[in-house]
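Heads up, the sequence shown is in the numbering used here, so the first residue is 8 and it goes up one at a time. Backbone N, C-alpha and C define an ideal beta-carbon position, used for all residues, glycine too. Take a look at the structure set out below.
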Amino acid sequence: MEVNKILSADVLDIIFEGRNKDYGAYQLRKTYNRRLVTSLLIVAAICLLLFLGYFISALLEDKTQSKEVVVQDVQLEEIKQEEKKEEPPPPPPPKPPEPPKVEMAKFTPPKIVKDEEVKEEEKPPEVEKLEETKIGTMNQEGQKDEGIVAPPVEDAGKGVVEAPKKDDEDWDKTFTKVEIESEYPGGAAAWQRYLNRNLRYPQEAIDNEVQGAVVVQFIVDKEGNVSDVEAISGPQELRGEAVRVIKKSGKWTPAVQNGRQVKSYKKQPIVFRLESEG
């Protein structure tokens with residue numbers, strides 16, 4: 008290479024002076040800066056695409072999670088039973104007629120005395136008269152003894168028949184209708200607070216946007232214990248959670264019938280609802 012061209016020549020031209028410049032090493036070094044810039048631009052583009060994908064995914068996830076789970080409780084309308092009109096008590100049975108007096112003859116114990124010493128009223132009755140006369144402690148006029156039987160001592164002619172005593176076993180049955188239904192201790196407000204703390208909306212129902220009311224039937228005994236819990240209506244995805252929250256609710260206030268706590272059925276509806284923001 009000429010001297011005047013050395014100062015303006017490229018370093019690669021000086022190094023590869025007199026060599027085959029079509030060789031790979033010369034081309035690699037010649038295009039190194041261009042390839043470096045191209046690589047940096049490609050990496051920057053990939054990073055930008057990843058960032059945009061993450062940002063869009065976060066926006067979609069925020070929209071999905073923006074649905075608010077609202078738990079509502081519905082109280083079944085209490086069916087007012089018609090007041091039964093008190094019927095007047097039946098009139099007392101007529102007093103039975105008094106049994107007729109039966110002729111009686113006074114019993115006189117036998118004594119060995121002289122005939123002239125026996126008084127007339129103390130003489131024993133004749134045998135013929137005793138066939139139609141009862142033996143008693145005094146003489147009494149009346150009807151002949153024709154097999155009349157006096158009323159028993161405990162009845163004493165009152166004609167009153169005692170009603171059969173009601174068996175207490177009737178109170179052990181499970182009532183379907185009662186005067187005062189069983190309820191959660193503290194009333195509707197306490198029950199709503201309990202649901203807000205313990206009810207969990209099933210993820211499957213959220214994903215499928217399932218909502219609605221589930222009616223749960225169970226038994227509350229005389230001590231307030233809950234048993235035989237089952238969901239009788241409502242979406243299948245929500246029934247399991249409704250049954251779980253009833254079983255976990257503890258003791259209830261028992262139902263009342265005729266002033267006594269009784270074992271009864273209870274139907275409790277639970278409403279599941281999804282609400283979207285905005």
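query = Can you tell which of 225, 220, 45 and 264 has its C-alpha closest to the C-alpha of residue 244?
reply = Looking at the Cα atoms, 220 is the closest of the given residues.
message = Let me confirm a value: residue 57 is counted as buried when at least 16 other C-beta atoms fall within 10 Å, else exposed. Which label applies?
response = Exposed.
task = Flag this pair as yes or no: are the beta carbons of residue 270 and residue 227 separated by less than 9 Å?
result = Yes, the pair counts as a contact, with Cβ atoms nearer than the cut-off.
request  = Determine the DSSP secondary structure at residue 64, reduced to helix, strand or coil.
outcome  = It is helical.
request  = Grab the span of the beta strand (DSSP E) containing residue 239 for me, first residue to last.
outcome  = Note, residue 239: beta strand (DSSP E), 233-240.
ask   = Which residues in the same chain as residue 50 place their Cβ atom closer than 8 Å to its Cβ, once the five residues preceding and following it in sequence are excluded?
value = Same-chain partners within the cutoff: there are none.
CA nearest to the CA of residue 238, picked from 232, 252 and 229 = Taking only the C-alpha atoms, the option nearest residue 238 is 252.
request  = Could you give the DSSP three-state label for residue 281: helix, strand or coil?
outcome  = When secondary structure is reduced to three states using DSSP, residue 281 falls in the strand class.
ask   = Over what stretch of residues does the beta strand (DSSP E) that includes residue 264 continue unbroken?
value = Secondary structure note for residue 264: its beta strand (DSSP E) is the uninterrupted segment 262-264.
query = Taking Cβ positions, are residue 5 and residue 255 nearer each other than 9 Å?
reply = Nothing about residue 5 can be read from this structure; the chain reaches only from 8 to 285.
ask   = What is the DSSP secondary structure of residue 189, counted as helix, strand or coil?
value = In this structure, residue 189 counts as coil in the three-state DSSP scheme.
request  = On a CA-only basis, which of 93, 218 and 260 is nearest residue 198? Give me that one, please.
outcome  = With distances taken between Cα atoms, residue 198 lies closest to 260.
ask   = If we ignore side chains and look at the alpha-carbon of each, how far apart do residue 232 and residue 241 end up?
value = Distance between the alpha carbons of residue 232 and residue 241: 24 Å.
query = By DSSP, does residue 276 sit in helix, in strand, or in coil?
reply = DSSP places residue 276 in strand when its eight states are reduced to three.
message = Just list the residues that DSSP pairs residue 181 with in beta bridges.
response = Per DSSP, 270.
query = What is the DSSP secondary structure of residue 224, counted as helix, strand or coil?
reply = Here residue 224 sits in strand by DSSP.
ask   = Cβ atoms of residue 186 and residue 275: under 9 Å apart, would you say?
value = No, these two residues do not count as a Cβ contact at 9 Å.
message = Distance check for residue 225 and residue 249, CA to CA, integer angstroms please.
response = Looking at the two C-alpha atoms, the distance is approximately 12 Å.
query = Grouping DSSP H, G and I as helix and E and B as strand, with all else coil, what is residue 194?
reply = Assigned with DSSP and collapsed to three states, residue 194 falls in helix.
message = So for residue 257, helix, strand or coil by DSSP?
response = Coil, per DSSP.
ask   = Between which two residues does the alpha helix (DSSP H) containing residue 211 stretch?
value = Run containing residue 211: 210-214, per the alpha helix (DSSP H) assignment.
query = Opposite residue 219 in the DSSP bridges: which residues?
reply = For residue 219, the beta-bridge partners assigned by DSSP are 279.
Nearest residue (CA-CA) to residue 234, options 40, 55 and 258 = Out of 40, 55 and 258, the CA that lies nearest to the CA of residue 234 is found in 258.
ask   = What is the rounded straight-line gap between the Cα of residue 212 and the Cα of residue 180?
value = Linking residue 212 to residue 180 through their CA atoms gives a straight-line distance of about 38 Å.
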